[in-house]
Amino acid sequence: MIEVLRHALALAAKDLRVELRSRTALVSAIAFAALVLVIFNFARDPTTVSSRDLAPSVLWVTFTFAAMLTFNRSFALEKENGAMDGLLLSPVPRGAIFLGKYFANLGFVVTVQAVTLPLFVLFFNVGLGGALPGLLLVTVLGTLGFVAVGTVFASMAVRTRFADLMLPVLLLPFLVPPVIGAVQVTTRLLAGRPLLEQAGWLRILGVYDVVFLTVCAMVFPSLLDE
Amino acid sequence: MALSAGTGSLQVILGPNGAGKTTLLRILAGLTRPTSGQVLVLGHSLRNTPRLRREIGLLSHQSLLYDDLTPRENLTFIARLYGLKAPDQSAMAALDAVGLAQRSADPVRRLSRGMVQRVAIARALLHRPRILLLDEPFTGLDPRAADRLVRLLEEQLAAGTAVVVVAHSLYDIWPVATRISVLVRGQWVIDEPRPTDRDRFMVRVQEAFSD
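Quick note, the sequences are listed as chains A and B, same order. Take the first sequence: its position 41, counting from 1, is numbered 96 in this note's numbering, and each next residue is one higher. Take the second sequence: its position 184, counting from 1, is numbered 547 in this note's numbering, and each next residue is one higher.
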């Protein structure tokens, strides 16, 4: 297990290094997130829809679509020069490849979320107040399983001719449960309701994370075989 | 078809475009599943014993490198995956062996085609594999780099490595070849120890291509 973790961390560190050099995924995902927030902010009619009603949905839709850009990039870079063959040739367990890609994607998505959240507060004039710890918790729970599913589907989509189009088509149906759960909890937290009242939704998010992380880790190795 | 590569031997595979040479190499490397038959490495199936992948080095049509990383970073990363004790030193030694230590800090995307090929060769040799699979290794190499590769192959053969080379031309590989096979439409049409007269042999190869 320690060896798997060591390989996974080496792989994730390599992905982060490549991203720091190329700044392809992060810059485009953050720019995309900022643009979505701006567009929703100005497209909304404040006399008919209050920002508090709209904000949670906009936040999670932004997180979701921005994350997809990073998922696509994570496997596109392995396609260049056949680098994925290089990984498959190595004695690294296939599970470590999944875990490494998962850690890297998690790092990218959390970075995008960390930049998006303050922009969201700014554009939608949402007072977080005491909701911040709860919001961070639901963001973590809403992200863990979601990134696992995104990692698996990105590995499949990259083999198709239209990876950028295929990924949303494959991935979005699987993201409905965590996005609904996260939006529900975020709405209530921003309305000033206590976190403890959201135990049901948080449990659903937790179960989704455990189930999909396990299933994805089991399925991923078989997806790599030609 | 059967292919057996012994220790310290260098088998050259020739064939016209589309003969299946690259597919064969990918099957030998464990990257493509054969529709039938099996590949045994040191007596065991690659698929059943993933750790045997450590014994294989592959030079593919593609470089298997990350363009945004330097040769040193690429090779250090690979050395870590193979669990080499001193990844950075191993990477530099491999780059030195192909004469690219001076360019170790330049991103791969800034290197010429021939230099990228040399880094890819260093990558294939990095973990000292006992079986070396090379797909057109002389592509893009200048005469000096080609000579250096022949010397590297001689060292590998002396160390007991089994080498399989897919090539279009026998010119560069001839001095170190021990056996030559010609693949046409998935079948061996020539498979014999390297003869002494290269020119006469090449006439036979051309005839086999046109059959």
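Yeah, the Cβ is synthetic: ideal placement off N, Cα and C, and Gly gets one too. Note that this is a predicted model, so its numbers are computed, not measured.
Boundaries of the beta strand (DSSP E) in which residue i is found, first to last residue
{"i": "L432(B)", "result": "Per DSSP, L432(B) belongs to no beta strand (DSSP E) and is neither H nor E."}
{"i": "E518(B)", "result": "Run containing E518(B): none in the beta strand (DSSP E); it sits in the alpha helix (DSSP H), P506 to A521."}
{"i": "I553(B)", "result": "Q550 to P556"}
{"i": "L495(B)", "result": "I494 to D498"}
{"i": "L359(B)", "result": "Absent from the structure is residue 359(B), since the part of chain B shown begins at 364 and ends at 574."}
{"i": "A525(B)", "result": "A525 to V529"}
{"i": "I376(B)", "result": "L373 to L377"}
Min CB distance residue i to chain B below 7 angstroms
{"i": "N136(A)", "result": "yes"}
{"i": "K156(A)", "result": "no"}
{"i": "A65(A)", "result": "yes"}
{"i": "V73(A)", "result": "yes"}
Amino acids of chain A, ordered along the chain, whose beta-carbon sits closer than 9 angstroms to that of residue i
{"i": "L377(B)", "result": "Residues of chain A passing the Cβ test: none, with the nearest at roughly 23 angstroms."}
{"i": "R414(B)", "result": "P146"}
Chain-ordered neighbours of residue i on chain A, where CB pairs are closer than 7 angstroms
{"i": "A392(B)", "result": "L144"}
{"i": "E499(B)", "result": "The contacting residues do not exist; E499(B) stays about 14 angstroms from chain A at best."}
Between the CA atoms of residue j and residue i - distance to the nearest angstrom
{"i": "G462(B)", "j": "S573(B)", "result": "39 angstroms"}
{"i": "E555(B)", "j": "Q519(B)", "result": "21 angstroms"}
{"i": "L124(A)", "j": "T171(A)", "result": "14 angstroms"}
{"i": "A209(A)", "j": "A80(A)", "result": "14 angstroms"}
{"i": "G371(B)", "j": "V59(A)", "result": "33 angstroms"}
{"i": "Q239(A)", "j": "P188(A)", "result": "16 angstroms"}
{"i": "S426(B)", "j": "L192(A)", "result": "43 angstroms"}
{"i": "E74(A)", "j": "Q465(B)", "result": "25 angstroms"}
{"i": "F163(A)", "j": "S399(B)", "result": "42 angstroms"}
{"i": "V529(B)", "j": "L377(B)", "result": "6 angstroms"}
{"i": "L546(B)", "j": "L373(B)", "result": "16 angstroms"}
{"i": "Q253(A)", "j": "I94(A)", "result": "30 angstroms"}
{"i": "F501(B)", "j": "A540(B)", "result": "14 angstroms"}
{"i": "F179(A)", "j": "A218(A)", "result": "33 angstroms"}
{"i": "L250(A)", "j": "V116(A)", "result": "22 angstroms"}
{"i": "W256(A)", "j": "D264(A)", "result": "12 angstroms"}
{"i": "D459(B)", "j": "K384(B)", "result": "30 angstroms"}
{"i": "V262(A)", "j": "L196(A)", "result": "9 angstroms"}
{"i": "S326(B)", "j": "A110(A)", "result": "Absent from the structure is residue 326(B), since the part of chain B shown begins at 364 and ends at 574."}
{"i": "A442(B)", "j": "L488(B)", "result": "11 angstroms"}
Residue i classed as buried or exposed, judged by whether at least 16 other C-beta atoms fall within 10 angstroms
{"i": "F201(A)", "result": "buried"}
{"i": "R243(A)", "result": "buried"}
{"i": "Y445(B)", "result": "buried"}
{"i": "V266(A)", "result": "exposed"}
{"i": "K69(A)", "result": "buried"}
{"i": "N380(B)", "result": "exposed"}
{"i": "K448(B)", "result": "exposed"}
{"i": "A468(B)", "result": "exposed"}
{"i": "M478(B)", "result": "buried"}
{"i": "E517(B)", "result": "exposed"}
{"i": "Q480(B)", "result": "buried"}
{"i": "V91(A)", "result": "buried"}
{"i": "T241(A)", "result": "buried"}
{"i": "Y534(B)", "result": "exposed"}
{"i": "D140(A)", "result": "buried"}
{"i": "H62(A)", "result": "buried"}
{"i": "F275(A)", "result": "buried"}
Cutoff 7 angstroms: residue i Cβ touching any chain A Cβ
{"i": "G428(B)", "result": "What sits at residue 428(B) in the sequence shown is Leu, not Gly. With 7 angstroms as the cut-off, L428(B) counts as an interface residue toward chain A."}
{"i": "Q425(B)", "result": "yes"}
{"i": "L421(B)", "result": "yes"}
{"i": "L405(B)", "result": "no"}
{"i": "L474(B)", "result": "no"}
{"i": "R466(B)", "result": "no"}
{"i": "L504(B)", "result": "no"}
{"i": "R417(B)", "result": "yes"}
{"i": "L546(B)", "result": "no"}
{"i": "L575(B)", "result": "Since the first and last residues shown for chain B are 364 and 574, residue 575(B) lies out of range."}
{"i": "L444(B)", "result": "yes"}
9 angstroms Cβ cut-off: residues of chain B touching residue i
{"i": "G150(A)", "result": "Chain B residues near G150(A): none, gap ~11 angstroms exceeds 9 angstroms."}
{"i": "L132(A)", "result": "Y429, D430 and D431"}
Contact list for residue i against chain B, beta-carbon separation under 8 angstroms
{"i": "R76(A)", "result": "D431, L432 and P470"}
Contacts that residue i makes with chain A (C-beta to C-beta distance below 8 angstroms)
{"i": "I441(B)", "result": "G141 and S145"}
{"i": "E570(B)", "result": "Those do not exist, as E570(B) stays about 34 angstroms from chain A at its closest Cβ, beyond 8 angstroms."}
Endpoints, alpha helix (DSSP H) assigned at residue i
{"i": "I419(B)", "result": "Element bounds for I419(B): not the alpha helix (DSSP H) but the beta strand (DSSP E), I419 to L422."}
{"i": "R563(B)", "result": "R561 to S573"}
{"i": "Q239(A)", "result": "A218 to L245"}
{"i": "I85(A)", "result": "A80 to A98"}
{"i": "G182(A)", "result": "G182(A) -> no alpha helix (DSSP H), and no H or E assigned at all."}
{"i": "P450(B)", "result": "P450 to A460"}
{"i": "S426(B)", "result": "Counting along the chain, S426(B) falls outside any alpha helix (DSSP H), and DSSP gives it neither H nor E."}
Partners in chain B for residue i, counting only beta-carbon separations shorter than 7 angstroms
{"i": "D280(A)", "result": "R396"}
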